[in-house]
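Structure, as structure tokens:
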Amino acid sequence: MAMQWLPPDWPGNFWAHWAVFTVIIVAFILVMFLAFTWFERRALAIMQARLGPNRAGPFGLLQPVADGLKVLLKEDIVPAKGDKLVHWLAPVVAFVPAMLIFAVIPFQGGALLADLNIGILYIVAISSVTTVGIFMAGWASNNKYSTLGAMRQIASVVSYEIPVVLSVVGVVLLAGSLSLQQIVAAQDIPFILLQPLGFLLFFIGALAEINRTPFDLTEADSELVAGFNIEYSGIKWGLFFLAEYAEALAISAIVTTVFLGGWRGPLLPDWLWFLVKVGIIFFVIVWIRTTIPRVRIDQLMALAWKFLFPLALLNLLITAVEILVWPEVSLWVFVPVNIAIAIVLIVLWSKFFKLGWGKVEV
Amino acid sequence: MKFERYGLGIAKGLTVTIRHLLRRPVTTQYPEQRLNPSRRTRGNELIWDEAKCTGCGTCAKACHIGAIHISTSTDLVNNKYEVKSYEVDTGYCIFCGLCVEACPFEALFMSYDYERAQYRRGDLFQSKENMAETPERKVSGYFYPGRAAKLPKQSLLVDNDRGKR
Numbered sequence: 158m159a160m161q162w163l164p165p166d167w168p169g170n171f172w173a174h175w176a177v178f179t180v181i182i183v184a185f186i187l188v189m190f191l192a193f194t195w196f197e198r199r200a201l202a203i204m205q206a207r208l209g210p211n212r213a214g215p216f217g218l219l220q221p222v223a224d225g226l227k228v229l230l231k232e233d234i235v236p237a238k239g240d241k242l243v244h245w246l247a248p249v250v251a252f253v254p255a256m257l258i259f260a261v262i263p264f265q266g267g268a269l270l271a272d273l274n275i276g277i278l279y280i281v282a283i284s285s286v287t288t289v290g291i292f293m294a295g296w297a298s299n300n301k302y303s304t305l306g307a308m309r310q311i312a313s314v315v316s317y318e319i320p321v322v323l324s325v326v327g328v329v330l331l332a333g334s335l336s337l338q339q340i341v342a343a344q345d346i347p348f349i350l351l352q353p354l355g356f357l358l359f360f361i362g363a364l365a366e367i368n369r370t371p372f373d374l375t376e377a378d379s380e381l382v383a384g385f386n387i388e389y390s391g392i393k394w395g396l397f398f399l400a401e402y403a404e405a406l407a408i409s410a411i412v413t414t415v416f417l418g419g420w421r422g423p424l425l426p427d428w429l430w431f432l433v434k435v436g437i438i439f440f441v442i443v444w445i446r447t448t449i450p451r452v453r454i455d456q457l458m459a460l461a462w463k464f465l466f467p468l469a470l471l472n473l474l475i476t477a478v479e480i481l482v483w484p485e486v487s488l489w490v491f492v493p494v495n496i497a498i499a500i501v502l503i504v505l506w507s508k509f510f511k512l513g514w515g516k517v518e519v
Numbered sequence: 010m011k012f013e014r015y016g017l018g019i020a021k022g023l024t025v026t027i028r029h030l031l032r033r034p035v036t037t038q039y040p041e042q043r044l045n046p047s048r049r050t051r052g053n054e055l056i057w058d059e060a061k062c063t064g065c066g067t068c069a070k071a072c073h074i075g076a077i078h079i080s081t082s083t084d085l086v087n088n089k090y091e092v093k094s095y096e097v098d099t100g101y102c103i104f105c106g107l108c109v110e111a112c113p114f115e116a117l118f119m120s121y122d123y124e125r126a127q128y129r130r131g132d133l134f135q136s137k138e139n140m141a142e143t144p145e146r147k148v149s150g151y152f153y154p155g156r157a158a159k160l161p162k163q164s165l166l167v168d169n170d171r172g173k174r
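Residue numbers (the numbering used here), protein chains in the order written: chain E, 158 to 519; chain F, 10 to 174.
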């Protein structure tokens with residue numbers, strides 16, 4: 158299907174474009190947030206042979222609205238000796254970057270707020286700011302547990318940033334551009350086939366970065382009260398929750414754009430393809446949450462530094478060699494080759510993967 | 010070679026969870042769906058048959074909680090006891106069923122109901138007037154297999170039977 162591109166200043170001039178897409182992005186995030194919370198609870202429940210929320214509205218569809226109302230009406234408690242201003246700012250600092258990510262994500266050809274030529278770099282940079290908000294929250298609460306919670310969250314997030322960024326670089330090499338628009342345009346073959354290892358590394362690392370199971374040990378909701386957000390209540394807590402789901406949505410959108418061919422697909426309209434792929438990725442995230450138990454902190458760190466990081470480096474090297482040495486060869490040739498390389502590397506590295514010099518069970 | 014270590018274990022787990030998408034939930038949506046309790050259930054009331062009771066007081070003696078109060082007067086003409094009051098404080102009752110087992114005249118039963126919770130502690134007090142067997146106050150098959158046979162079968166979750174009773 159011929160790609161149809163919206164003009165860069167659709168629907169007319171610069172400011173109209175800005176206004177329309179700002180509204181679209183905010184609405185998209187809020188609607189998807191409501192949909193995702195409902196979808197996650199339902200899907201999780203069904204896979205655990207339960208029913209999930211089914212009282213508010215048909216199929217419990219109004220449950221997120223009820224939850225939102227509850228959160229809005231709750232008392233806003235600020236610790237007496239906490240840093241009031243920072244305590245107030247932290248949820249905003251955590252949430253806004255998650256929203257800003259969507260500025261560069263194309264919903265369909267040309268349909269994005271700003272086609273930055275450094276799109277991926279922008280996403281990597283902006284999404285790290287969330288960590289600052291988390292640390293602000295931990296610090297401002299004047300509570301040792303929330304400070305510790307924030308610290309360990311940062312420790313895990315910062316470690317996982319490295320393999321995530323490195324695994325995206327492979328895609329950037331293939332596409333020859335950092336712009337997400339161009340990356341989508343370059344995907345005549347979805348990059349999940351050309352970069353199977355990169356996809357796995359990115360997805361695992363992204364799960365850890367947004368604190369989803371199996372890497373949610375810093376705020377393990379079945380074991381701990383919470384991490385950095387113990388001292389938060391009401392809408393401020395709600396903003397952290399919103400930020401968490403906005404990040405999950407952002408990760409789904411980034412994976413869709415970078416690895417699954419973005420809005421490209423046959424028959425259906427482009428934006429619908431984008432939504433479907435985002436939904437599938439989010440379903441996989443939920444699916445993983447039902448399946449895999451939480452990892453320990455040593456496993457978490459070892460996975461980042463001993464498994465994902467070297468594999469990401471190797472993946473980058475292999476991709477670079479493939480592109481430099483055989484630029485004329487059809488990319489289809491590399492699909493089976495790269496899948497084979499991914500399997501071999503994973504098996505090999507799993508053999509090497511040890512904890513505590515092999516004295517601790519993996 | 011243990012392939013579980015190379016991601017195969019995770020893949021197996023993922024197939025198990027995805028298969029559960031097609032399974033029916035095991036939860037019961039209580040007020041709309043009800044499960045039949047065991048036919049020998051010891052529900053939260055006692056049922057007493059005034060016609061059969063001879064006022065012997067065996068049930069009160071068997072009750073180690075002391076939740077049964079029975080007072081009788083002597084009917085000299087017919088040469089038997091007349092039950093003046095029969096009271097059970099189900100707030101004290103531990104539903105052990107010993108009184109039912111002790112009764113030599115098949116006059117005392119456990120109830121089949123489990124929904125007789127009350128708002129006030131005083132309402133847990135049962136006396137003669139509200140101890141008779143009625144359609145709302147069904148008799149459980151506890152200690153009486155003949156009565157148990159007439160009750161509906163217990164619904165088991167494996168049968169996926171969540172019908173109304």
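Glycine included, each C-beta is placed from N, C-alpha and C at the ideal position.
In terms of residues, what are the limits of the beta strand (DSSP E) holding F:Thr81?
Taking the second sequence and counting its residues from 1, one reaches residue 81 of chain F at position 72. Looking at the DSSP string, the run of the beta strand (DSSP E) that includes F:Thr81 is Ile77 to Asp84.
Distance cutoff 7 Å, beta carbons only. Does F:Gly22 sit that close to anything in chain E?
For the purposes of this step, residue 22 of chain F is identified with residue 13 of the second sequence, where counting begins at 1. Yes - at least one Cβ of chain E is within 7 Å of the one on F:Gly22.
Run down chain E in chain order and give the residues with a C-beta less than 7 Å from the C-beta of F:Tyr15.
The residue you call residue 15 of chain F lines up with position 6 of the second sequence. Here the neighbours are Ile503, Val504 and Ser507.
What residues in the segment 201–220 of chain E have a beta carbon less than 8 Å from any beta carbon of chain F?
Ala202, Ile203, Met204, Gln205, Ala206, Arg207, Leu208 and Asn211
Taking E:Ile449 as the query, report the chain F residues whose CB atoms sit under 9 Å from its CB, ordered along the chain.
Here residue 449 of chain E is taken as the residue at index 292 of the first sequence, counted from 1. By Cβ distance, chain F contributes Ile19, Gly22 and Leu23.
Given 8 Å, three or more beta-carbon pairs between the segment 223–232 of chain E and the segment 388–407 of chain E
yes
Which residues, in chain order, does the segment 426–453 of chain E contribute to contact with chain F at a C-beta distance below 8 Å?
Trp444, Ile445, Thr447, Thr448 and Ile449
E:Trp162 versus E:Ala282 - alpha carbon distance
Stepping through the first sequence from its first residue, residue 162 of chain E is reached at position 5. Stepping through the first sequence from its first residue, residue 282 of chain E is reached at position 125. The alpha-carbon atoms of E:Trp162 and E:Ala282 are separated by roughly 27 Å.
If you measure between the beta carbons of E:Leu358 and E:Ser316, is that distance less than 7 Å?
Against the first sequence, residue 358 of chain E aligns to sequence position 201. Against the first sequence, residue 316 of chain E aligns to sequence position 159. In this structure, E:Ser316 does not lie closer than 7 Å to E:Leu358 by Cβ.
Taking the beta carbon of E:Val341 as the centre, do at least 16 other beta carbons fall within 10 Å, making it buried, or is it exposed?
Counting from one through the first sequence, the residue named residue 341 of chain E turns up at place 184. Counting Cβ neighbours within 10 Å, E:Val341 comes out buried, since at least 16 surround it.
Where DSSP assigns a beta bridge to F:Ile56, which residues make up the other side?
As a working mapping, residue 56 of chain F is identified with position 47 in the second sequence. Paired residues: F:Phe118.
So what's F:Gln135 in DSSP terms, helix, strand or just coil?
Here residue 135 of chain F is taken as the residue at index 126 of the second sequence, counted from 1. Strand.
Unbroken alpha helix (DSSP H) run spanning E:Asp427, endpoints
Locating residue 427 of chain E in the first sequence gives position 270, where the first residue counts as 1. Start and end: Asp427 to Thr448.
Under 8 Å Cβ to Cβ from F:Pro113, same chain only, skipping five residues before and after it: list those, please.
Position 104 of the second sequence, counted from the first residue, corresponds to residue 113 of chain F. The residues are Cys65 and Thr67.
First and last residue of the beta strand (DSSP E) that includes F:Tyr151?
Mapped onto the second sequence, residue 151 of chain F falls at position 142. Per DSSP, F:Tyr151 belongs to no beta strand (DSSP E) and is neither H nor E.
Where the beta strand (DSSP E) through F:Val92 begins and ends
For the purposes of this step, residue 92 of chain F is taken as the residue at position 83 of the second sequence. Secondary structure note for F:Val92: its beta strand (DSSP E) is the uninterrupted segment Lys89 to Asp98.
Going along chain E, which residues have a C-beta under 8 Å from F:Ile27?
Translated into positions along the second sequence, residue 27 of chain F becomes position 18. Result: Met204 and Trp444.
For F:Val35 and chain E, any beta-carbon pair shorter than 7 Å?
In the second sequence, residue 35 of chain F corresponds to position 26, counting from 1. Closer than 7 Å to some Cβ of chain E, the Cβ of F:Val35 qualifies, so yes.
Determine the DSSP secondary structure at E:Val517, reduced to helix, strand or coil.
Reading the first sequence from its first residue, position 360 is the one you call residue 517 of chain E. The answer is strand: DSSP assigns E:Val517 an E or B state.
Kindly identify the DSSP beta-bridge partner or partners of E:Leu512.
Here residue 512 of chain E corresponds to residue number 355 of the first sequence, with the count starting at 1. Paired residue(s): E:Val517.
Would you verify that the beta carbon of F:Arg48 is, or is not, closer than 7 Å to some beta carbon of chain E?
Position 39 of the second sequence, counting from 1, holds the residue named residue 48 of chain F. No, no contact with chain E.
Taking contact to mean at least 3 C-beta pairs separated by less than 8 Å, is the segment 358–372 of chain E in contact with the segment 510–518 of chain E?
No: fewer than three Cβ pairs fall under 8 Å.
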